[in-house]
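Numbering (my numbering), first residue to last: 758 to 1037. Just so you know, even glycine gets a beta-carbon here, dropped at the ideal spot from N, CA and C. These numbers were taken from a predicted model, which means no experiment stands behind them. Heads up, the thing below is written out as structure tokens.
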Amino acid sequence: MTTIDNLPPLRSVIRDHDLSARKSMGQNFLLDLNLTAKIARQAGDLSACDVLEIGPGPGGLTRGLLAQGARRVLAIEKDARCLPALAEIAAAYPGRLEVVNGDALEIDPLSALTPPIRVAANLPYNVGTELLVRWLTPETWPPYWQSLTLMFQREVAERIVAKPGSKAYGRLSILAQWRADAQIVMQLPPEAFTPPPKVSSSVVHITALLAPRYPADANVLSKVVAMAFNQRRKMLRAALKGLGPDIEDRLQAAGIKPTERAERVSLEGFCALARAVAAK
Ligand code: SAM
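Structure, rendered in structure tokens:
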């Protein structure tokens, strides 16, 4: 029995199901249920929501989400060794937890979810950024999710919320801040995990806006930003030369000095540039 539910403590679950952490699966488990409940609270009011969780592992965050009242949790886990432990949680919360065994990069969860939908995950580091980029770049906006509450290495979290002029400012900052609000809401030291990773971690809460902050074509913006930050130390007229011989005119039309560097251009500036490039 624990403080948040009637299930066994996570250390017993790990021992009973022989769930020694595997590096190849990005496994760093959270075993403190008070901490996982706290992360679940950062996801907002879950009582009317379906929650998509990636990588439930032994189920620490899953139990936090359910104890915080999530209407339903759909959890996608690649490591089949975790399934019996997750089945015990499903039995304790009848009808509220569905577990899918598979790779989150290959499964489209949408047909198994009913809106409103929130996403919460202590992400495997090896697939975290790829999943985030996919969530931030769907074909239509608003996306299927209302919010993303995600654990990242601190360095990645800082890139997501970075502002112009900082070293961390880049493609992830633009993608996250153009059509969403992004905030770091918790910091976790390595010792919070078993085994402890080499780096500190942060929880980022991202809320989808109904419409983009500034108009721009998503594909053009994405291409411009990728090129600009790919050679972030170069002046934009050089970094963006691949966009055409008239790139200096486009930069000027967007109110950006051709000698400027990507990390000093605001989100509004990149959107203006995407519009100037699209207007060709
Ligand atoms: N949520 C658990 C916790 O907080 O203790 C585990 C977090 S651990 C950092 C990442 C989890 O993601 C592991 O359980 C791992 O097996 C799982 N995982 C790794 N790659 C995955 C993938 N491509 N799709 C789904 N799950 C994956």
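(message) By the DSSP assignment, the alpha helix (DSSP H) with Glu1025 in it spans what residues?
(response) The residue you call residue 1025 lines up with position 268 of the sequence shown. Counting along the chain, the alpha helix (DSSP H) containing Glu1025 begins and ends at Leu1024 to Ala1035.
(message) So the candidates are Lys980, Glu915 and Glu896; which of them puts its Cα closest to the Cα of Leu1030?
(response) What you label residue 1030 is simply residue 273 of the sequence shown in a count that begins at 1. When only C-alpha atoms are compared, the closest one is Lys980.
(request) Pull up the distance between the alpha-carbon of Leu889 and that of Thr906, whole angstroms please. (result) Within the sequence shown, the letter at position 132 stands for residue 889. Within the sequence shown, the letter at position 149 stands for residue 906. Between Leu889 and Thr906, the C-alpha separation is close to 11 Å.
(message) Which residue marks the beginning of the alpha helix (DSSP H) containing Gln799, and which one marks its end?
(response) Taking the sequence shown and counting its residues from 1, the one referred to as residue 799 is at position 42. Its alpha helix (DSSP H) spans residues Leu790 to Gln799.
(request) Please state whether DSSP places Trp902 in a helix, a strand or coil. (result) For the purposes of this step, residue 902 is taken as the residue at position 145 of the sequence shown. Note: Trp902 maps to strand in three-state DSSP.
(message) Looking at Ala877: is its Cβ nearer than 8 Å to the Cβ of Ala995?
(response) On the sequence shown, position 120 is the one that residue 877 refers to. On the sequence shown, position 238 is the one that residue 995 refers to. Their beta carbons are not under 8 Å apart, which means Ala877 does not touch Ala995 by this criterion.
(message) I'd like to know whether the C-beta atoms of Arg1018 and Leu993 end up nearer to each other than 8 Å.
(response) Your numbering for residue 1018 matches position 261 in the sequence shown. Your numbering for residue 993 matches position 236 in the sequence shown. It is a contact, given that the beta carbons lie within the stated cut-off.
(message) In the DSSP assignment, the alpha helix (DSSP H) including Met984 goes from what residue to what residue?
(response) The residue given as residue 984 occupies position 227 in the sequence shown. From DSSP, the alpha helix (DSSP H) with Met984 extends over Ala975 to Asn987.
(request) Report yes if the C-beta of Gln825 is less than 7 Å from at least one heavy atom of ligand 1; otherwise report no. (result) As a working note, residue 825 is residue 68 in the sequence shown. No, since every heavy atom of ligand 1 falls outside the 7 Å radius drawn around the Cβ of Gln825.
(request) Could you name the residues that DSSP lists as bridge partners for Ser959? (result) Counted from its first residue, the sequence shown places residue 959 at position 202. In DSSP, Ser959 forms a bridge with Phe909 and Gln944.
(message) ligand 2 and Ile771: does the residue's C-beta get closer than 7 Å to at least one heavy atom of that ligand?
(response) Annotation note on ligand 2: not contained in the displayed structure, which lists ligand 1 as its ligands.
(request) Check Thr951 in the structure and name its three-state DSSP category. (result) In the sequence shown, residue 951 corresponds to position 194, counting from 1. It is a strand residue.
(request) Work out the CA separation of Asn763 and Val884 for me, nearest whole Å. (result) In the sequence shown, the residue the question calls residue 884 occupies position 127. In the sequence shown, the residue the question calls residue 763 occupies position 6. Taking the straight line joining both Cα atoms gives about 32 Å.
(request) Determine the direct distance from the alpha carbon of Ala827 to that of Leu803, and round the result to whole angstroms. (result) Numbered from 1 along the sequence shown, position 46 holds the residue referred to as residue 803. Numbered from 1 along the sequence shown, position 70 holds the residue referred to as residue 827. When rounded, the distance between both Cα atoms is 4 Å.
(message) Among Asp836, Leu818, Trp902 and Arg989, whose alpha-carbon lies nearest the alpha-carbon of Val857?
(response) Residue numbering aside, residue 857 sits at position 100 when the sequence shown is read from its first letter. Ranking the options by Cα distance to Val857, first place goes to Asp836.
(message) Residues in the same chain with beta-carbon distance under 6 Å from Ala847, minus the five sequence neighbours each way, listed in chain order, please.
(response) Here residue 847 refers to the residue found at position 90 when the sequence shown is read from its first residue. For Ala847, where only same-chain residues beyond five positions count, the Cβ hits under 6 Å are Leu854.
(request) Pull up the CB-CB distance for Gln784 and Gly821, whole angstroms please, since I reckon it's below 8 Å. (result) What you label residue 784 is simply residue 27 of the sequence shown in a count that begins at 1. What you label residue 821 is simply residue 64 of the sequence shown in a count that begins at 1. Wrong, their Cβ atoms sit about 18 Å apart, outside the cutoff.
(request) Please confirm whether Ala824 and Ala849 have their CB atoms less than 8 Å apart. (result) Within the sequence shown, residue 824 is the residue found at index 67, counting from 1. Within the sequence shown, residue 849 is the residue found at index 92, counting from 1. No; because the gap between Cβ atoms is not below 8 Å, this pair is not in contact.
(message) Does the structure place the stretch 905–919 close enough to the stretch 960–968 that three or more beta carbon pairs sit under 8 Å?
(response) yes
(message) Quick check: does the Cβ of Met782 come within less than 7 Å of any heavy atom belonging to ligand 1?
(response) In the sequence shown, the residue the question calls residue 782 occupies position 25. It does: the Cβ of Met782 is within 7 Å (strictly closer) of some heavy atom of ligand 1.
(message) Taking the straight line between their C-alpha atoms, what separation do you get for Asn879 and Gly812?
(response) Here residue 879 refers to the residue found at position 122 of the sequence shown. Here residue 812 refers to the residue found at position 55 of the sequence shown. If you take the alpha carbons of Asn879 and Gly812, they lie about 7 Å apart.
(request) Could you say which of Arg1021, Gly816 and Arg916 lies nearest to Gly922 if we only look at CA atoms? (result) For this step, residue 922 is matched to residue 165 along the sequence shown. Nearest of Arg1021, Gly816 and Arg916 to Gly922, Cα basis: Arg1021.
(request) Let me know the secondary structure DSSP gives Ile874 once reduced to three states. (result) Within the sequence shown, numbered from 1, the residue matching residue 874 stands at position 117. In the structure shown, Ile874 sits in a strand (DSSP, three-state: E or B).
(message) If you reduce the DSSP assignment to three classes, tell me which class Arg970 lands in.
(response) Here residue 970 is taken as the residue at index 213 of the sequence shown, counted from 1. Arg970 falls in the coil class under three-state DSSP.
(message) Does the contact criterion of 3 or more C-beta pairs under 8 Å hold for the stretch 940–959 versus the stretch 772–791?
(response) yes
(message) What does the alpha-carbon distance come out to for the pair Ile761 and Leu840?
(response) The residue labelled residue 761 in the question sits at position 4 within the sequence shown. The residue labelled residue 840 in the question sits at position 83 within the sequence shown. Approximately 21 Å between the Cα atoms of the pair.
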